[in-house]
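Here the sequence shown stands for residues 1 to 291, where the numbers follow the numbering used here.
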Amino acid sequence: MNKSLKKTWQYYILLLPALLLSFSVILVPAVRTVITSFTDWNGLAEDMNFIGFANYKALFTDPGFWKVIFNNVKWMCMYLVVPVAMGMAAAFFLVGRSRSRNAYQIIYLLPYVIAPIANALIWQSMIYSPLTGIVSVLKKLGLAVSSPLSSTRTALAGVAAVDIWHYWGFLAVIYFSALRQTPGDQIEAAKVEGCSGWQLFKFVYFPCIKPTFVLMAILIVIQSFMNFDYVYLLTNGGPAKATEMLGVVSYKYAFNMMELGKASTVALIMSLFGMIASIFYVRLNKNEEQS
């Protein structure tokens with residue numbers, strides 16, 4: 001009994017640093033954010049004036065805020081299709097490469113390990129710039145093209161293209177790592193039966209990597225509503241708020257308008273979307289375990 005009690009205390013002692021870190025870095029700021037969302041605090045004043053649900057009402061009755069949420073939804077849809085398809089295709093390509101797969105993985109990961117500010121500058125100066133980029137070359141060739149960042153119709157896709165270029169290689173490496181876990185006897189049996197490449201992927205590879213696929217899809221959904229860096233670096237939400245995201249709106253409320261109450265409200269709405277996706281993933285795993 002004493003040994004069991006001693007082991008229990010050892011486990012608690014080992015957990016204590018993580019619990020203290022979570023409490024100080026996550027729980028305390030989260031509670032503070034919730035409290036601030038019900039105030040008109042400007043971030044500098046010593047006192048906070050409690051205003052109830054006024055911040056929430058102001059946001060949800062603002063048509064511009066619903067457009068921001070719609071931008072996030074469009075971003076999520078693009079991210080669930082384009083980089084996932086590119087990453088899966090590249091990963092399946094690597095399965096057949098025994099000698100050069102390591103080199104390909106390094107190449108795929110290069111955009112992911114480069115700092116976002118560097119990626120943004122590369123695309124701004126070498127691709128989208130009407131003076132020094134590929135856009136300028138196409139214009140000199142007589143093509144009527146312009147930077148996609150300058151149009152309200154194409155700006156969101158233009159920013160998404162940069163982020164997709166940065167992210168798809170990471171997905172490819174993750175998917176490839178999962179594909180390598182497929183049992184070799186199943187692959188050989190499918191080949192003996194005469195399965196085509198698509199049938200091999202659909203009936204042998206994909207069932208094995210489905211947990212990884214679902215996890216990455218959930219992470220993409222969460223990141224889509226937390227997105228900030230490339231939008232802020234490339235367009236700052238413009239032109240005409242065509243690329244504004246929840247993260248950019250929260251930043252502007254906090255540091256441009258000094259409305260920390262509204263900034264906290266937007267941050268909580270962002271967290272709500274992430275929490276919904278997380279709950280969906282946990283319930284999905286639970287149902288799979290029960291079945």
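Ideal Cβ placement from N, Cα and C applies to all residues, glycine included.
query                                                                                                                                                            : result
Helix, strand or coil: which one does DSSP assign to T243?                                                                                                       : coil
Going by beta carbon distance, what residues of the same chain come within less than 6 Å of T182, once the five residues before and after it are set aside?      : Y205 and C208
Quick check: the Cα distance between A90 and A172, rounded to an integer number of angstroms?                                                                    : 6 Å
Do you know how far the Cα of E288 is from the Cα of F280?                                                                                                       : 12 Å
Please list, in chain order, all residues of the same chain as F38 whose beta carbon is under 8 Å from its beta carbon, the five residues on each side excluded. : F50, I51, G52, F53, N55 and G261
Quick check: what's the CA-CA separation for L301 versus I222?                                                                                                   : Residue 301 lies beyond the stretch modelled for the chain, which goes from 1 to 291, so this question has no answer here.
Quick one: what's got a C-beta closer than 6 Å to F170's C-beta in the same chain, skipping five residues either side?                                           : Y112
At 4 residues or longer, and completely inside the region 172–209: list those alpha helix (DSSP H) runs for me, N to C.                                          : 184–192 and 197–200
Verify whether the separation of the beta carbon atoms of V135 and S151 is less than 8 Å.                                                                        : no
For a quick check, are the C-beta atoms of F225 and L246 less than 8 Å apart?                                                                                    : yes
Can you look up F170 in the DSSP assignment and give me helix, strand or coil?                                                                                   : helix
Helix, strand or coil for M1? Go by DSSP, reduced to three states.                                                                                               : Any reading at M1 needs caution, since the residue's pLDDT is 49, under 50, leaving its predicted position unreliable; the model's value is listed next. Three-state result, M1: coil.
How many angstroms separate the CA atom of T212 from the CA atom of L80?                                                                                         : 14 Å
Taking the C-alpha atoms as reference points, what is the distance between F255 and W41?                                                                         : 12 Å
For F50, which beta-bridge partners are listed by DSSP?                                                                                                          : T39
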